[in-house]
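**Q**
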Amino acid sequence: MRKKVTLITGASGEIGDALIRQLLAEGNTNLVSLDIRPLAPEIANQITHIQGDICDKSLLARIISEYEVDIIYHLAALLSTRAEFTPEAAHKVNVEGTLGLLQMASDQSQWRGKPVMFVFPSSIAIYGIPDLDTKAKYPRIREWEWNYPRTMYGSNKLYCEMLGIYYSEYFRQLAADRPVMLDFRSVRFPGLISAYTVPSGGTSDYGPEMLHAAAKGEPYACFVREDSRIPFMAMPDALKALTKLAAAPRSALSRRVYIVTSFSLSAAEFRQIVLKYFPDAKITFAPDSKRNDIVDSWPADLNDNDARRDWGWMPDYDVDRSFEEYLVPNIKMRYQTKLYY
Ligand code: SER
């Protein structure tokens, strides 16, 4: 018998690293991780890690031959700024990588006669609002509004949401007997902020970068204007959203893709909060108009009513609690003890 496992891709990334730590802390021992990079040393010996490329079909086949994959948290992706420099490479990882995993999960669902749960983080980058006037007119956007991404990453995420729905609902729709299909569930995240890691290659990174620079005592020049506004969420809430959606009964869900969010801040407000905790921080604004255009096309805030209604979503950390109880104390500890990873 193959061992039943939870597979986590993008395991060395921001969300992956945090999710693995949480699942381990909850006593979960049946974890297999996949990433092109090694795991952080503190968790490396607690979980079976496969170092390799998500696009390597033979690697996925090997995983399936060894394990019964029950849940997949598919977190591997190239983020929005990085993807603009290498769009085709981003498409390969973000779309082809996801398609390969969906196919694998689809086969596995048929084999065992039970849906594989496929949990997928999507993003505010799937939105594309044409201009700032329109952004002001639509301050809290719903799932189906303004689905016109401007970036390769946003396009990839939106298409992968659709592929996930396809493999869950319509795969082999013309066949005489329909196979057991996978169970795709996705959350669209706002900008995420972790106390332990700084994201790399994203466009919402100015928030976390500002905070981490302040904690390290380094000056920071913010790459968007002071009035640029998007929603954010602290990492523990991102983990809560992924695991809570995975645990929800299928019958409660009226959608497969849900917005989740916590608080909305302009870059100037973000700076003010950072200054409250790090009064000596040197934070200036040096907008990069191209990256700013991307942020301007993202919503100022999101309406996550459907997630709240269907599966009881509610962030634990509003803006005050995020900084006061999670971000600031942990970041201070991290840089004081020089435990960088
Ligand atoms: N944080 C991501 C990025 O900036 C958006 O999902 O690319």
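Mapping of the sequence shown onto numbering that gives the first Met the number 0: residues 0 to 340, in sequence order. Here a beta-carbon is modelled for each residue, glycine too, at the ideal position from N, C-alpha and C. On a predicted model such as this, the values are computed, not experimentally measured, just so you know.
If I measure Cβ to Cβ from Y219 and keep anything under 8 Å in the same chain, skipping five residues before and after, which residues do I get?
**A** So the list reads E208, M209, A212, A213, A280, K281, I282, T283, once near-sequence residues are dropped.
**Q** Could you check the C-alpha separation between F222 and F119 for me, to the nearest Å?
**A** Cα to Cα, F222 sits roughly 28 Å from F119.
**Q** Measure the C-alpha to C-alpha separation of F322 and I330 and round it to an integer number of angstroms.
**A** Looking at the two C-alpha atoms, the distance is approximately 10 Å.
**Q** For L181, does the count of other Cβ atoms within 10 angstroms reach 16, so buried, or fall short, so exposed?
**A** L181 is buried by the Cβ-count criterion.
**Q** Can you give the Cα-Cα distance for V4 and P235, rounded to whole angstroms?
**A** Distance between the alpha carbons of V4 and P235 is about 23 Å.
**Q** Checking 7 Å against the spacing of the C-beta atoms, do G200 and R290 come in under that value?
**A** Not closer than 7 Å, so no.
**Q** Using a 10 Å radius around the Cβ and a threshold of 16 neighbouring Cβ atoms, would you call P129 buried or exposed?
**A** When all chains shown are included, P129 counts as exposed.
**Q** Please report the straight-line C-alpha distance between Q109 and E168, rounded to a whole angstrom.
**A** Distance between the alpha carbons of Q109 and E168 is about 14 Å.
**Q** Heavy atom of the ligand SER less than 6 Å from the Cβ of L78, yes or no?
**A** Within the cutoff, so yes.
**Q** Determine which residues share a DSSP beta bridge with H73 and list them.
**A** Paired residue(s): T8.
**Q** Pick helix, strand or coil for R139, following the three-state DSSP scheme.
**A** Three-state DSSP puts R139 in a strand.
**Q** Touching or not, the segment 94-108 and the segment 131-147, by the rule of three or more beta carbon pairs under 8 Å?
**A** The answer is no - the segment 131-147 does not touch the segment 94-108, with fewer than three Cβ pairs under 8 Å.
**Q** Pull up the CB-CB distance for S203 and D295, whole angstroms please, since I reckon it's below 8 Å.
**A** Not quite, the Cβ-Cβ distance comes to about 12 Å (not below 8 Å), so this is no contact.
**Q** In its own chain, which residues sit with a C-beta less than 6 Å from the C-beta of T47, not counting the 5 before and 5 after it?
**A** Closer than 6 Å at Cβ, skipping near neighbours: V31.
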